[in-house]
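A.B. asks: First the structure, then my questions, so here it is.
2 protein chains.
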Amino acid sequence: MTSPPPKLDAAELVEGFRGYMRDHNLPLTHQREAIASALFHSEEHLSVEDIEAILRDENVHVGKATVYRTLDLLVRAGLVDEHDFGEGFKRFEPRSARSHHEHLICLACGKVVEFTSERIERMKALIADEHGFRHHHHRLDIYGVCSECQGRAAVTLERSPDRPGGGSR
Amino acid sequence: MTSPPPKLDAAELVEGFRGYMRDHNLPLTHQREAIASALFHSEEHLSVEDIEAILRDENVHVGKATVYRTLDLLVRAGLVDEHDFGEGFKRFEPRSARSHHEHLICLACGKVVEFTSERIERMKALIADEHGFRHHHHRLDIYGVCSECQGRAAVTLERSPDRPGGGSR
DNA sequence: GGGTGGCTTGAAACTCGTTCTCAACCCCAG
DNA sequence: CTGGGGTTGAGAACGAGTTTCAAGCCACCC
Numbered sequence: 000m001t002s003p004p005p006k007l008d009a010a011e012l013v014e015g016f017r018g019y020m021r022d023h024n025l026p027l028t029h030q031r032e033a034i035a036s037a038l039f040h041s042e043e044h045l046s047v048e049d050i051e052a053i054l055r056d057e058n059v060h061v062g063k064a065t066v067y068r069t070l071d072l073l074v075r076a077g078l079v080d081e082h083d084f085g086e087g088f089k090r091f092e093p094r095s096a097r098s099h100h101e102h103l104i105c106l107a108c109g110k111v112v113e114f115t116s117e118r119i120e121r122m123k124a125l126i127a128d129e130h131g132f133r134h135h136h137h138r139l140d141i142y143g144v145c146s147e148c149q150g151r152a153a154v155t156l157e158r159s160p161d162r163p164g165g166g167s168r
Numbered sequence: 000m001t002s003p004p005p006k007l008d009a010a011e012l013v014e015g016f017r018g019y020m021r022d023h024n025l026p027l028t029h030q031r032e033a034i035a036s037a038l039f040h041s042e043e044h045l046s047v048e049d050i051e052a053i054l055r056d057e058n059v060h061v062g063k064a065t066v067y068r069t070l071d072l073l074v075r076a077g078l079v080d081e082h083d084f085g086e087g088f089k090r091f092e093p094r095s096a097r098s099h100h101e102h103l104i105c106l107a108c109g110k111v112v113e114f115t116s117e118r119i120e121r122m123k124a125l126i127a128d129e130h131g132f133r134h135h136h137h138r139l140d141i142y143g144v145c146s147e148c149q150g151r152a153a154v155t156l157e158r159s160p161d162r163p164g165g166g167s168r
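Chains as they are written, first to last, in numbering that gives the first Met the number 0: chain A, 0 to 168; chain C, 0 to 168.
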């Protein structure tokens with residue numbers, strides 16, 4: 000478990016968080032800063048468990064209720080995106096300066112690769128229109144096997160939709 | 000709640016189920032037939048609760064463990080597709096003769112509209128390729144507000160990804 | 001038709017992610 | 001510094017889904 004390099008615009012996001020809290024007259028507690036900072040400085044799609052582990056490593060104790068509450072806050076502030084890759088729990092990702100992106104998920108190792116597609120952006124708006132929907136948001140997740148895992152022996156995938164390989168339930 | 004017209008190829012699917020059970024030397028119990036039949040004759044994306052309600056209406060008592068086990072069986076048999084629209088529980092849909100399709104989900108009333116897109120089918124394969132992934136399956140869900148709900152007063156949507164309006168948690 | 005073996009069933013206990021409760025606590029404006 | 005309102009944390013609660021295990025049923029045999 001190596002520590003990944005800090006997210007490019009982490010400082011910006013932290014500043015954005017402080018501003019949001021100020022604007023909404025919400026107290027900026029140590030716990031909230033620790034959680035936001037942990038998330039903003041990560042390159043990964045973190046689960047609540049991941050976040051708790053990071054805080055534990057930093058010897059910062061935060062109750063899980065607070066982790067969930069703060070994540071909720073961050074999502075509502077528009078600084079964090081919430082994802083459900085069908086593992087039975089959610090993952091969180093700082094909303095970077097980059098535009099909206101989709102995900103490629105490896106069924107063997109759980110790796111998540113992000114990509115963007117102008118054409119898909121245009122198409123989803125078109126499709127919503129066609130059916131009389133006012134588009135709000137969408138989700139495109141492609142599940143497959145990444146190039147590294149294709150090399151490894153006998154990657155047998157059962158027919159099991161919405162179920163990456165990393166689940167522990 | 001009016002009863003929707005039966006799915007076009009329900010009889011076919013029931014026959015497929017019988018065949019699968021025979022081929023795999025699995026006993027065809029009353030419970031399994033009742034669950035499969037309920038699902039195959041529905042036009043909706045049913046939750047486990049929905050299925051239990053249908054069976055209750057038919058005065059067929061089936062334990063929920065059996066419902067889950069049978070759904071698992073149907074999914075593995077390839078006769079049913081499993082979906083997660085981010086409501087906190089799964090929905091099930093008979094796999095009809097139609098090709099793979101995507102979903103438009105109304106955030107206000109929970110209605111699900113299906114659609115297909117040749118271009119998206121082609122594009123997702125292309126994208127997987129581009130990133131060295133062997134494509135397995137994918138999911139495209141577009142969330143928005145349907146035309147009927149757009150008319151209704153004050154449909155205020157909080158910024159809350161993966162969360163249709165029908166949840167009861 | 002009756003027997004028999006193995007798979008299935010159902011009720012309840014359990015798991016696990018997430019939310020709620022509430023008394024103690026902290027942030028910050030005054 | 002002080003007070004009050006929002007926040008925190010431990011644990012209880014919740015809800016979807018799974019497991020357990022004794023009792024029951026299906027299907028095949030005679």
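Cβ coordinates follow ideal geometry from the N, Cα and C atoms, glycine included. Small disclaimer: the values here were computed from a predicted structure and weren't measured.
Excluding sequence positions up to five away, which residues of its chain have a Cβ less than 6 Å from the Cβ of L139/A?
C.D. replies: The residues are E101.
A.B. asks: What do you get for T69/A, buried or exposed, if any count of 16 or more other CB atoms within 10 angstroms of its CB means buried?
C.D. replies: Buried, by the Cβ-count rule.
A.B. asks: Any C-beta of chain C sitting closer than 8 Å to the C-beta of F91/A?
C.D. replies: Chain C, which has no Cβ nearer than 8 Å to the Cβ of F91/A, makes this no.
A.B. asks: Suppose you measure from the CA of E43/A to the CA of S36/C; what does that come to, to the nearest Å?
C.D. replies: Near 43 Å, if we compare the C-alpha coordinates of S36/C and E43/A.
A.B. asks: Shortest alpha-carbon distance to E81/C belongs to which of A64/C, E51/C, L45/C?
C.D. replies: If we check each option's Cα against that of E81/C, L45/C comes out closest.
A.B. asks: Would you kindly report the start and end of the unbroken beta strand (DSSP E) that includes G143/C?
C.D. replies: Note, G143/C: beta strand (DSSP E), 133 to 144.
A.B. asks: Suppose the cutoff is 7 Å on Cβ atoms and the five residues either side in sequence are ignored; what does the same chain contact list for R90/C look like?
C.D. replies: Closer than 7 Å at the Cβ level, and outside the excluded window around R90/C, lie H44, L45, S46, H82, F84.
A.B. asks: Which first and last residues belong to the alpha helix (DSSP H) in which L70/C is found?
C.D. replies: It spans 63 to 75 - the alpha helix (DSSP H) in which L70/C sits, taken as one unbroken run.
A.B. asks: Closer than 8 Å, CB to CB, is K123/A near chain C or not?
C.D. replies: It does: the Cβ of K123/A has a partner Cβ on chain C nearer than 8 Å.
A.B. asks: From L38/C to C108/A, what does the alpha carbon distance come to, in whole angstroms?
C.D. replies: Their backbone Cα atoms lie some 33 Å apart in a straight line.
A.B. asks: Can you give me the Cβ contacts of M20/A inside the same chain, cut-off strictly under 6 Å, excluding the 5 residues immediately before and after it?
C.D. replies: Closer than 6 Å at the Cβ level, and outside the excluded window around M20/A, lie L27.
A.B. asks: Tell whether a beta-carbon distance below 8 Å holds between R133/A and V144/C.
C.D. replies: Against a cut-off of 8 Å, the Cβ pair of V144/C and R133/A comes out as a contact.
A.B. asks: Output needed for E48/A: all residues of its chain with C-beta closer than 8 Å, excluding positions within five of it in sequence on either side, in chain order.
C.D. replies: Excluding sequence neighbours, E48/A sits near F88.
A.B. asks: Taking the beta strand (DSSP E) that L103/A falls in, what are its first and last residues?
C.D. replies: From DSSP, the beta strand (DSSP E) with L103/A extends over 101 to 105.
A.B. asks: Helix, strand or coil for D128/C, going by three-state DSSP, please let me know.
C.D. replies: Three-state DSSP puts D128/C in a helix.
A.B. asks: For a cutoff of 8 Å on Cβ pairs, would you count Y67/A as touching chain C?
C.D. replies: No, Y67/A does not count as interfacial toward chain C.
A.B. asks: Taking only beta-carbon atoms, is V111/C less than 8 Å away from chain A?
C.D. replies: Output row for V111/C: interface = no.
A.B. asks: Would Q149/A count as contacting chain C if we go by Cβ distances under 8 Å?
C.D. replies: Taking Cβ atoms only, chain C reaches closer than 8 Å to Q149/A, which makes this a yes.
A.B. asks: Quick one: using the 10 Å Cβ neighbour count with 16 as the cut-off for buried, is C148/A buried or exposed?
C.D. replies: Answer is buried; the Cβ neighbour count reaches 16.
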